[in-house]
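K.L.:
Numbering (the numbering used here), first residue to last: 438 to 672. All C-beta atoms, glycine included, are put in the ideal place defined by N, C-alpha and C. Remember, predicted model here, so these are calculated numbers, not experimental data.
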């Protein structure tokens, strides 16, 4: 735990379940091949949470049992957050809870971030292919990770955009950011000093298995890209 570390997470929205399989495969791979791709991953510490919202996962819903969108509940910019979809009541799409970090799941994840002080946090989601950045961080390192991801995934898979959209290559070209700070998990991590925190939105249709092969492979490649870039930064 004292080594430079990662926090890889999925499933803060319970119905976004597909990437959990990629994180389980990543854990398996790191145990089987700690020298994967010639990297000495023993120099690093990995903390992996395949499901952050167990109740939402079990009940196939975005929210936790209290009707809270956990990724709007973190103690970072909570007071200023006013999503256009929000109405102040449970089960609204982006309901942020009664106060910052009101939910037990949020408190657990914040505690892990506080205790482990990860160098890199990747929060995997499923919607459409895009990399989303927090309000602060080491942009040079974030750009290096992004370029590594783009090299690995270039022209590898073809998927349809949401809502019967056009087909696209999974090249992870698009980026956006959360400015000013919002009560998303990656913004909390960045506010606590994590230099490289970001969300990866990826394909998923919620109730079938079409994305499992693509998502598992993509999650592993993205995680290895970040690992390789951190190892290059170490003395």
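Using CA atoms only, rank isn't needed, just tell me which of 615, 617, 579 and 566 is closest to residue 594.
P.N.:
Of the listed residues, the one whose Cα sits closest to residue 594 is 566.
K.L.:
Need the endpoints of the alpha helix (DSSP H) that residue 449 sits in, please.
P.N.:
First-last for residue 449: undefined, no H or E at that position.
K.L.:
Could you please give me the residues that DSSP links to residue 638 through a beta bridge?
P.N.:
According to DSSP, residue 638 bridges with 562 and 567.
K.L.:
Would you kindly report the start and end of the unbroken beta strand (DSSP E) that includes residue 485?
P.N.:
It spans 482 to 486 - the beta strand (DSSP E) in which residue 485 sits, taken as one unbroken run.
K.L.:
Report the rounded CA-to-CA distance for residue 473 versus residue 558, giving the unit in angstroms.
P.N.:
So the alpha carbons of these two residues sit roughly 20 angstroms apart.
K.L.:
Count the other CB atoms within 10 Å of the CB of residue 650; is the residue buried (16 or more) or exposed (fewer)?
P.N.:
By the neighbour-count rule (16 or more Cβ atoms within 10 Å), residue 650 is not buried but exposed.
K.L.:
Does DSSP classify residue 624 as helix, strand or coil?
P.N.:
Residue 624: helix per DSSP, three-state reduction.
K.L.:
Identify the continuous beta strand (DSSP E) that holds residue 596 and give its terminal residues.
P.N.:
Element bounds for residue 596: 595 to 597.
K.L.:
Here's a check: name, in chain order, each residue in its chain whose Cβ is nearer than 6 angstroms to the Cβ of residue 592, leaving out the five neighbours to either side.
P.N.:
Answer for residue 592: 606, listed in chain order.
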